[in-house]
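Undergrad:
Numbering (this note's numbering), first residue to last: 5 to 433.
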């Protein structure tokens with residue numbers, strides 16, 4: 005074995021291909037065949053793409069399938085705290101030994117093919133899934149869709165959650181260009197669910213060209229809240245009159261949950277899921293970093309929102325949540341994000357900003373993050389810091405009774421804040 009621990013494997017994978025992101029399926033396809041796999045899995049596969057809501061949708065699918073007593077494998081990215089979070093069997097992260105064995109399997113098969121970090125992980129996930137005799141596999145697209153490594157596997161049902169502006173350097177500058185990339189996960193004669201309310205033309209065109217059955221929210225299925233604790237979903241052949249509200253926070257979670265249920269409905273012949281399992285899955289889905297409350301006094305929330313659409317959804321959540329005091333926001337972002345738009349979306353909800361820098365080649369420096377907040381939310385108080393930990397410490401120090409703290413901007417920001425907050429909690433006990 006090339007390495008005997010996960011840390012060394014991952015460090016080496018980061019150096020294997022000089023490009024952090026190198027979209028294209030040729031390398032993955034080559035190694036997939038060397039591993040003895042083809043593009044079809046022996047069990048049903050649901051592939052989830054889209055700009056926002058992918059992680060939540062995967063969480064619902066996973067929880068509902070587990071509640072239906074199926075054995076399910078899930079692949080998501082990026083992770084927040086540990087790489088193991090990316091690959092789960094029945095909701096449990098795989099262990100280091102399983103990952104290392106899969107990495108060795110991929111390494112032996114690849115020959116001289118210079119896989120990217122994400123491609124290596126995707127192939128390792130497929131190796132792990134192949135060994136577990138699964139009933140279903142749920143795959144989350146990493147970036148885009150058409151040229152993403154996950155797309156090497158043919159989906160039996162695909163979901164496109166939403167299409168919004170993000171990753172413009174890779175996917176295009178406008179909605180239709182981005183939608184064209186996302187639509188690449190569709191397969192001929194297979195159903196595709198579009199969870200958003202406005203369907204880009206590129207999505208409709210791609211579905212038509214493949215004769216894929218396109219199911220659209222508001223057209224082919226309808227969902228609506230019923231009181232504070234329930235909602236209902238009506239499809240062409242299904243009606244769920246009294247579903248429990250999803251456990252994950254936010255009105256937009258109905259959109260994600262509805263798409264997940266309709267996808268499962270498309271697989272009822274091969275993978276029947278009874279209504280009781282759907283209801284159980286809605287209340288048992290778990291997902292870190294999505295308006296995740298990690299402390300009470302003051303209330304502290306962690307959210308990975310890193311584009312305008314996600315920030316607007318977060319602003320609505322903050323507006324709906326009762327708060328007698330001020331809202332303090334800790335923000336740090338990657339340099340290739342539309343950070344001005346994120347700050348603008350949240351400016352009306354935030355009283356004090358605590359800016360910080362992120363390390364790494366893509367991190368936005370502390371100075372530029374502070375300048376962006378000052379430029380967009382000039383009337384609000386700004387406390388500029390070098391690191392997320394320092395920003396969190398200052399926010400905690402300034403928070404008084406009734407205040408709340410929201411940490412946002414990227415998976416990295418949430419991870420750094422989570423580590424700091426856990427350390428503080430440990431020191432207090």
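Glycine included, C-beta positions come from ideal geometry on N, C-alpha and C.
As a quick exercise: from 12, 108, 305 and 404, pick the residue whose alpha carbon is nearest that of residue 417.
TA: Residue 305 is the option with its Cα nearest to residue 417.
Undergrad: Would you say the stretch 49-60 touches the stretch 179-189, given that touching needs at least three Cβ pairs under 8 Å?
TA: Yes: at least three Cβ pairs fall under 8 Å.
Undergrad: Can you look up residue 279 in the DSSP assignment and give me helix, strand or coil?
TA: Reduced to three states, the DSSP call for residue 279 is helix.
Undergrad: What number of angstroms, rounded off, separates the C-alpha of residue 198 from the C-alpha of residue 57?
TA: Approximately 12 Å between the Cα atoms of the pair.
Undergrad: Helix, strand or coil: which one does DSSP assign to residue 256?
TA: Residue 256 falls in the coil class under three-state DSSP.
Undergrad: Under the rule that 16 or more other beta-carbon atoms within 10 Å means buried, what is residue 36, buried or exposed?
TA: By the neighbour-count rule (16 or more Cβ atoms within 10 Å), residue 36 is buried.
Undergrad: Using 8 Å as the cut-off, can you tell me whether the stretch 217-232 makes contact with the stretch 256-263, which would need three or more C-beta pairs spanning the two stretches below that distance?
TA: The answer is yes - the stretch 256-263 touches the stretch 217-232, with three or more Cβ pairs under 8 Å.
Undergrad: Can you tell me the Cβ-Cβ gap for residue 399 and residue 358, rounded? I've got them flagged as a contact below 8 Å.
TA: About 5 Å separates the two Cβ atoms, so the contact holds.
Undergrad: Going by the C-beta, is residue 216 closer than 7 Å to any heavy atom of the ligand COA?
TA: Looking at this structure, you won't find the ligand COA or any other ligand, since it has none at all.
Undergrad: For a test of the three-state rule: what should DSSP assign to residue 327, helix, strand or coil?
TA: In this structure, residue 327 counts as coil in the three-state DSSP scheme.
Undergrad: I'd like to know if the stretch 289-302 and the stretch 69-77 are in contact, where contact means that at least 3 CB-CB pairs between them fall below 8 Å.
TA: No, they do not touch.
Undergrad: Could you tell me which whole beta strand (DSSP E) segments of length 3 or greater appear in the stretch 9-61?
TA: Within the stretch 9-61, the complete beta strand (DSSP E) runs of at least 3 residues are 49-53.
Undergrad: Around the C-beta of residue 123, are 16 or more other C-beta atoms found within 10 angstroms, so that it is buried, or is it exposed?
TA: Buried: at least 16 other Cβ atoms inside 10 Å.
Undergrad: Starting from residue 409, trace the beta strand (DSSP E) in both directions and tell me its first and last residue.
TA: It spans 408-412 - the beta strand (DSSP E) in which residue 409 sits, taken as one unbroken run.
Undergrad: May I ask you to list the residues that DSSP assigns as paired with residue 218?
TA: BP columns for residue 218 point to 196.
Undergrad: Leaving aside the five residues before and after residue 321 along the sequence, list all residues of the same chain whose C-beta is less than 7 Å from its C-beta, in chain order.
TA: Contacts found: 253, 254 and 295.
Undergrad: Let me check understanding here. Comparing Cα to Cα, which of 148, 311 and 268 lies closest to residue 196?
TA: Of 148, 311 and 268, the residue nearest in Cα terms is 268.
Undergrad: Does residue 290 come out as helix, strand or coil in the three-state DSSP assignment?
TA: The answer is coil: DSSP assigns residue 290 none of H, G, I, E or B.
Undergrad: Take residue 341 and list the residues in its own chain whose beta-carbon comes closer than 6 Å to its own, dropping the five residues that flank it on each side.
TA: 310, listed in sequence order.
Undergrad: Out of curiosity, what's the CA-to-CA distance linking residue 425 and residue 89?
TA: Taking the straight line from one Cα to the other gives about 20 Å.
Undergrad: Give me the residue from 413, 382 and 286 with the minimum Cα distance to residue 64.
TA: Ranking the options by Cα distance to residue 64, first place goes to 286.
Undergrad: Name, in chain order, the residues that DSSP records as bridge partners for residue 303.
TA: In DSSP, residue 303 forms a bridge with 408.
Undergrad: So what does DSSP say about residue 144, is it helix, strand or coil?
TA: Of the three classes helix, strand and coil, the one that applies to residue 144 here is strand, per DSSP.
Undergrad: Who are the Cβ neighbours of residue 21 in its own chain at under 7 Å, not counting the five residues just before and after it?
TA: Once the five neighbours on either side are set aside, the close Cβ partners of residue 21 are 118, 119 and 120.
Undergrad: List the whole-angstrom C-beta distance separating residue 419 from residue 334, where the pair is believed to meet the contact cut-off of C-beta under 8 Å.
TA: Incorrect: roughly 13 Å between the Cβ atoms, too far for contact.
Undergrad: On the premise that residue 380 lies in contact with residue 347, defined as a C-beta separation below 8 Å, what is that separation, rounded to the nearest angstrom?
TA: Right, their Cβ atoms sit about 4 Å apart.
Undergrad: Cutting at 7 Å between CB atoms, please list the residues of its own chain near residue 225, excluding the five before and the five after it.
TA: Once the five neighbours on either side are set aside, the close Cβ partners of residue 225 are 219, 237, 238, 239, 262 and 266.
Undergrad: When you compare only the Cα positions, how much space is there between residue 264 and residue 31?
TA: So the alpha carbons of these two residues sit roughly 31 Å apart.
Undergrad: Sort out for me which residues DSSP pairs residue 248 with in a bridge.
TA: BP columns for residue 248 point to 234.
Undergrad: Going by C-alpha distance, which of 179, 349 and 428 is nearest residue 396?
TA: Checked all of 179, 349 and 428; the closest Cα to residue 396 is 428.
Undergrad: Going by the DSSP bridge assignment, what does residue 97 pair with across the sheet?
TA: DSSP lists 92 as partners of residue 97.
Undergrad: So, with DSSP's three-state summary, where would you put residue 163?
TA: In the structure shown, residue 163 sits in a strand (DSSP, three-state: E or B).
Undergrad: Using a 10 Å radius around the Cβ and a threshold of 16 neighbouring Cβ atoms, would you call residue 184 buried or exposed?
TA: That one is buried.
Undergrad: Using only the alpha-carbon positions, how far apart do residue 148 and residue 182 sit?
TA: C-alpha separation (whole angstroms): 7 Å.
Undergrad: Rounded to whole angstroms, what's the CA-CA distance from residue 154 to residue 130? Just pull it up for me.
TA: One C-alpha to the other measures close to 9 Å.
Undergrad: What did DSSP end up calling residue 181 once you bin it into helix, strand or coil?
TA: Three-state DSSP puts residue 181 in a helix.
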